[in-house]
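Its first residue numbered 11, the sequence shown is counted upward by one per residue in the numbering used here.
Glycine included, each C-beta is placed from N, C-alpha and C at the ideal position.
As the structure is a computational prediction, the values presented were derived from the model and not from experiment.
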Amino acid sequence: YFDATGLDAHQARAGWERSFGDTVRWLPSLQIASGGFVGGSLNVEVGKTWFVGAGLGRTNQLPYYNLNYDPNDAMTLASGYRAPSGASYALSLTKDNRDNPDQQHLHATYRTPLESGDRLTVDILFKQGLVGGSPINRIGATITYDWPKFFIRVAFDPNANFSADDVVRISTGMRF
11 YFDATGLDAH
21 QARAGWERSF
31 GDTVRWLPSL
41 QIASGGFVGG
51 SLNVEVGKTW
61 FVGAGLGRTN
71 QLPYYNLNYD
81 PNDAMTLASG
91 YRAPSGASYA
101 LSLTKDNRDN
111 PDQQHLHATY
121 RTPLESGDRL
131 TVDILFKQGL
141 VGGSPINRIG
151 ATITYDWPKF
161 FIRVAFDPNA
171 NFSADDVVRI
181 STGMRF
């Protein structure tokens, strides 16, 4: 079927993301999707307990159904704290810097290890920008449960991809 924008919402996708380093961490990612879409990002974080970071994402701008909250042609600024318990608290701002500079997302993210060795992440989103020429200010959320090799994620994305559509996503994946 097709969503309200006319884009085929059934789209094959694959991606890769990895972090390298300790005090200075490099976080590259790549995405591909049917229809020829290709995208990627590079983020850098500095610090162990307290950290700051910056990143840049780019795509070939072919049509795709974005499965994450943020614009992919964007810059990101982040800061946070990693507690001795393994929990982390972060704020990140992602702002479109290519086609729609009014679009931005502010994330407040809490991640904690669980006694079972699993992990829980809660991400609250504050979204603002123009949708059909009208300004929006919306709140969304994602909850992710990680096992050592797999994860499940449930997300509410208001005005997904800055369209008129509110989307609930359920994702599963494999960690390797």
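Residue i (DSSP reduced to helix, strand or coil)
{"i": "PHE186", "result": "coil"}
{"i": "ALA84", "result": "strand"}
{"i": "ALA93", "result": "coil"}
{"i": "PHE166", "result": "strand"}
Residue i - partner residues in DSSP beta bridges
{"i": "ARG148", "result": "LYS137"}
{"i": "THR154", "result": "THR131, ARG163"}
Other residues of its chain near residue i: CB distance less than 6 Å, five sequence neighbours each side excluded
{"i": "SER29", "result": "ARG35, LEU37"}
{"i": "LYS137", "result": "HIS115, ARG148"}
Range covered by the beta strand (DSSP E) that runs through residue i
{"i": "ASN53", "result": "47-56"}
{"i": "HIS20", "result": "No beta strand (DSSP E) holds HIS20; DSSP gives it neither H nor E."}
Any non-hydrogen atom of the ligand SAM closer than 6 Å to residue i Cβ
{"i": "ARG185", "result": "Summarising the ligand content, the structure contains no ligands, and the ligand SAM is consequently not present."}
CA nearest to the CA of residue i, picked from the options
{"i": "ASP156", "options": "ILE149, ARG185, ILE180", "result": "ARG185"}
{"i": "ALA43", "options": "THR33, GLY50, TYR74", "result": "TYR74"}
{"i": "LYS153", "options": "THR131, VAL178, PHE160", "result": "Sequence check: residue 153 is Ile here, not Lys. Minimum Cα distance to ILE153 is reached at THR131."}
Beta-carbon proximity list for residue i, same chain, < 7 Å, skipping 5 on both sides
{"i": "ARG108", "result": "ASP83"}
{"i": "ALA14", "result": "Any reading at ALA14 must be qualified, since the residue scores a pLDDT of 48, below 50, and its modelled position is unreliable; the value itself is stated next. Closer than 7 Å at Cβ, skipping near neighbours: SER173, ALA174, ASP175."}
{"i": "ALA24", "result": "ILE42"}
{"i": "LEU66", "result": "SER51, LEU52, MET85"}
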